Amino acid sequence: MTEQQGRDAEGYDFRAIQERWLPVWDELKPFEVEGLGTGRPRKYVLDMFPYPSGDLHMGHAEAFCFGDVLARYWRGRGYDVLHPIGWDSFGLPAENAAIKRGVDPREWTYANIAQQKASFRLYAPSFDWSRVLHTSDPEYYRWNQWLFLKMYEKGLAYRKASWVNWDPVDQTVLANEQVLADGTSERSGALVVKKKLTQWYFRITDYADRLLDDLDRLEGAWPAKVLNMQRNWIGRSRGAEVEFEIEGREEKVPVFTTRPDTLFGATFMVVAPDSDLAAELASGASPEVRMQFQDYLAQTQKQTEIERQSTEREKTGMFLDHFAVNPVNGERIPVWASDYVLADYGHGAIMAVPAHDQRDLDFALKFELPVRVVVDVRDEDGAALPDPAESGVATSGDGALVNSGELDGLPKAEAIAKAIELLETRGTGRATTTYRLRDWLISRQRYWGTPIPILHGEDGEMKPVDPASLPVELPASEGLDLKPKGSSPLGAATEWATVEDPETGRTWTRDPDTMDTFVDSSWYYLRFLSANDDTQAFDPELVNAWGPIDQYAGGVEHAILHLLYSRFITKVLHDLGYLDFDEPFTALLNQGMVLQDGAKMSKSKGNLVEFASELSAHGADALRVTLAFAGPPEDDIDWADVSVQGSAKFLARAWRIADDIEHGGAPVGVSFDGGDTALRRATHHLLADAPGLVEAYKFNVVVARLMEQVNVTRKAIDSGAGIADPAVRESAEAISMILSLFAPYAAEDMWAKLGHEPTVALAEWPAAIPELLVQDEVTMVVQVDGKVRDKITVPASITAEEAEALARASRGMQRAVRDRQIVNVIVRAPKIVSIATKPA
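Residue 182 in the UniProt record's numbering sits at position 182 of the sequence shown; the count goes up by one each step and never skips.
Below, the structure written as structure tokens:
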């Protein structure tokens, strides 16, 4: 057996390579960052941190592959890169799992973290392991409480009684964003109901305009889909607030409308049955009305918001035995309650203009209420549309105002402005703006979360916990009933909940609720800068030097909740003077899903591909290359359509080039000035193109180019250049450096075989040599009637006239044309000459 055959027999062994380099990286700690770094330019690359619900899965494999590609890329471009990792470890899944298993949530949570950490280590993302954080550590949630107190001090944290989304299975409140389109809980899948509770809120609506307007600054750096989702969620509407007087009630009722020009068409008012206004009006009505109202309210509370707003449902409602006064014409209009109006829309009341709103029209026709046309809407031929009272179809288009007093004859825009002017003159309304966005409900009636640092007195007084006594730690779960029951388990921890003021002897009770876990993740990127600092939440100098995040990567499922809340908290901390910036994430990458046979993976479907088994069978490198090569990051990947084995074969071919060089190639440090010119051109084109491709998230194209480079290099070796040609070593080094983005083990082993000290991840990519990017010769294609008939090697600087002359003289062209007549010649020098013919 020859030496070469012996090496081939040994072959590429991913397990041996992993075992060789993991201990080296553990010892070198190549990705740890000290303070402000080395003085090189800085990049902060962050992946959305995982929830420890079990071992890592294929979704994690994809997400952390892409984030790591970007972190490794910027190191190769000469930057200090901060790339930390932590765990979003509070929340209901841990608590529910603990209840099911009869264990402490801590036990379940930290066991899963240990498992995920071990899997991450083998997967080899370039994390700085010196600054790991867990949001369930008191050392972390102490600063959640500090943040809450800052919000409370600024008036941005407040408590009020209101109707909330209630998950009847998990027995806790849900933010609007946590209710799915079908009205079910994203947590338990149960149908969400409404419940009135006293809760804590963050006043995010104070920042609505900034949150909306600043999205313009993220255009081109965030996916358009995410920007649109945030804009729609904030939902800014401009219009007027109109004050309606209700007979017998001193305080007027404000109603928001985007079409104050249609006020003359308002023939009744509708209030939400679950609003305070409806309850007040019903309480002042007859006993029969009060009884009917209670029945109707109970019926309403069984409906989801989606059901209530459906245009398909038959309208229901009841007259509240009250009348309002239309402020523009003094008309007396009836006040009804109906479940198609929501309590948290504006003030829970609308003016009904049935001629021009389909839901109002459906209601009016059912209960025989007046319908008055006030906008003359015409069809394309200029004919008036049928009267909605007769057709049953509301006319919602634009047109001149009619039956509207001083507004008659005005077009929409002028009529709106005139209507607002009339309201302001009479003191019955004003121009205003409303938002779909509601204040952030942060109270949760569960154990496994950050305790809210507020004390309650018997007289209802509230006072914040002294910041010096933070953290308010969770009591041990032993002896507490964690099962969901509608109130927080912490309320039963009497010893923990009872606090005596040592100076006054007054007894206070701790707030029993815990914070929404989105509070934990709204600022965690700041804590990474000071993960081991117990004196402050974060060091402003470090944060302002490294921040904002240069590259954020994670799932599009967080497009509204997490990203919006992070943007809000960042703006608050900026206003408090802690941050120089007010947007947290400069660039955002969303990855798609990993599917199996076209469906989302799940144990119940029996189509689960386990990350651990794939990692064991094929190795981290092959898994990472497969995910990167499968397509654009934002696209879904069907695991049934990819080839991990193919990735492994590619890695073996790349590795073998370095192995061959080690046993007979050009020595390390050799000058690359000479050698195979064609191979050198290919190498430098790769070095020139790869940066732009990576920064455009075209990872699959970079992998394809690496595959081409490996093939070109092997071809050059086998066709005469030989393994000792310095151009071969130059290509192998470039392959190793760029391959390290995707396959850190194979690339590190190649780098060592090429004679370099570890680690290739810190090797700075060489610049492409401009002279090698200029092509002296190219292959020109000659087409006749759309078919390739010849290929000619020509100078890259060839003129159009010269190209056409060569094409006409080529044998392939002459055979194709024969006696046909040439009718057109298109020349795109130096790449193509296209000739069109017809029979002579």
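Beta carbons are placed, not taken as given, at the ideal position from N, Cα and C, and that holds for glycine. The model shown is predicted, which means the values in this text are computed figures rather than measured ones.
Item                                                                                                                                                                  : Value
Please give the ranges of any beta strand (DSSP E) in the segment 787–834, keeping only runs that are unbroken, at least 3 residues long and fully inside the region. : 787–795 and 821–828
Consult DSSP for Ala-9 and reduce its assignment to one of helix, strand or coil.                                                                                     : Below a pLDDT of 50, predicted positions are generally treated as unreliable, and Ala-9, at 39, falls in that range; no measurement from the model is reported.
Hey, could you find the ends of the beta strand (DSSP E) Gly-239 is sitting in?                                                                                       : 236–246
Under 6 angstroms Cβ to Cβ from Arg-131, same chain only, skipping five residues before and after it: list those, please.                                             : Pro-84, Phe-528 and Ala-531
What is the rounded straight-line gap between the Cα of Lys-838 and the Cα of Asp-819?                                                                                : 9 angstroms
Which of the three DSSP states is assigned to Gly-646 in this structure?                                                                                              : helix
Alpha carbon to alpha carbon, what distance is there between Asp-128 and Gln-4?                                                                                       : Unreliable positioning characterises Gln-4 in this predicted model, as indicated by a pLDDT of 42, which lies under 50. A coordinate reading is not provided.
With burial defined as no fewer than 16 other Cβ atoms inside 10 Å of the residue's Cβ, what is the status of Ala-658: buried or exposed?                             : buried
Can you give me the C-alpha to C-alpha distance between Thr-586 and Pro-548, rounded to a whole angstrom?                                                             : 7 angstroms
Considering only the alpha carbon of each residue, which of Arg-624, Leu-687, Val-817 and Pro-632 lies closest to Phe-64?                                             : Arg-624
Identify the continuous alpha helix (DSSP H) that holds Ile-113 and give its terminal residues.                                                                       : 105–123
DSSP on Lys-43, reduced to helix/strand/coil?                                                                                                                         : strand
On the criterion of 16 or more Cβ atoms from any shown chain inside 10 Å, does Lys-43 qualify as buried, or is it exposed?                                            : buried
Going by DSSP in three states, Glu-251 sits in which element: helix, strand or coil?                                                                                  : coil
Short of 7 angstroms in beta carbon distance, which residues of its chain neighbour Arg-7, apart from the five on each side in sequence? Order them along the chain.  : Because the pLDDT of Arg-7 is 43, which lies under 50, any placement of that residue in the model is unreliable, and the number read from its coordinates should be weighed accordingly. Asp-659 and His-663.
Could you check whether Phe-629 and Asn-700 sit closer than 8 angstroms to each other, using their CB atoms as the reference points?                                  : yes
Could you tell me how far apart the beta carbons of His-134 and Ser-89 are, in whole angstroms, since I believe they sit closer than 8 angstroms?                     : 5 angstroms
Following the continuous beta strand (DSSP E) through Met-601, name the residue where it begins and the one where it ends.                                            : Here Met-601 belongs to no beta strand (DSSP E), and DSSP marks it neither H nor E.
What number of angstroms, rounded off, separates the C-alpha of Gly-220 from the C-alpha of Val-103?                                                                  : 47 angstroms
Compute the Euclidean distance between the alpha carbons of Val-710 and Asp-516, then round it to the nearest angstrom.                                               : 51 angstroms
Does chain B have any CB closer than 8 angstroms to the CB of Tyr-578?                                                                                                : Checking the listed chains, one finds no chain B in this structure; it contains a single protein chain.
What is the DSSP secondary structure of Tyr-79, reduced to helix, strand or coil?                                                                                     : coil
Could you pull the DSSP bridge partners for Gln-536 from this structure?                                                                                              : BP columns for Gln-536 are empty, so no partner.
Exposed or buried, what is Ala-16 when buried is set at 16 or more other beta-carbons lying within 10 Å of its beta-carbon?                                           : exposed
Among the residues of its own chain, which have a CB less than 6 angstroms from the CB of Leu-197, if the five just before and after it don't count?                  : Val-164
Any idea which residues DSSP pairs Met-462 with across the strands?                                                                                                   : His-456
Tell whether a beta-carbon distance below 8 angstroms holds between Ala-492 and Leu-480.                                                                              : yes
Just to confirm, are Val-668 and Leu-754 a CB contact at a threshold of 8 angstroms?                                                                                  : yes
Locate the alpha helix (DSSP H) running through Thr-517, then write down its first and last residues.                                                                 : 517–521
Is DSSP giving Glu-288 helix, strand or coil here?                                                                                                                    : helix
Which one of Val-712, Val-694 and Asp-582 has the shortest CA to CA distance from Leu-679?                                                                            : Val-712
Looking only at DSSP bridge pairs, what is Glu-219 linked to?                                                                                                         : Trp-222
For Gly-554, count the other beta carbons within 10 Å of its own beta carbon; 16 or more makes it buried, fewer makes it exposed. Which is it?                        : buried
What does the alpha-carbon distance come out to for the pair Gln-358 and Ser-283?                                                                                     : 30 angstroms
Quick one: residues in its chain with C-beta nearer than 6 angstroms to the C-beta of Thr-184, no 5 flanking neighbours on either side, listed in chain order?        : Leu-191
How many Å lie between Trp-166 and Leu-474 at the Cα?                                                                                                                 : 24 angstroms
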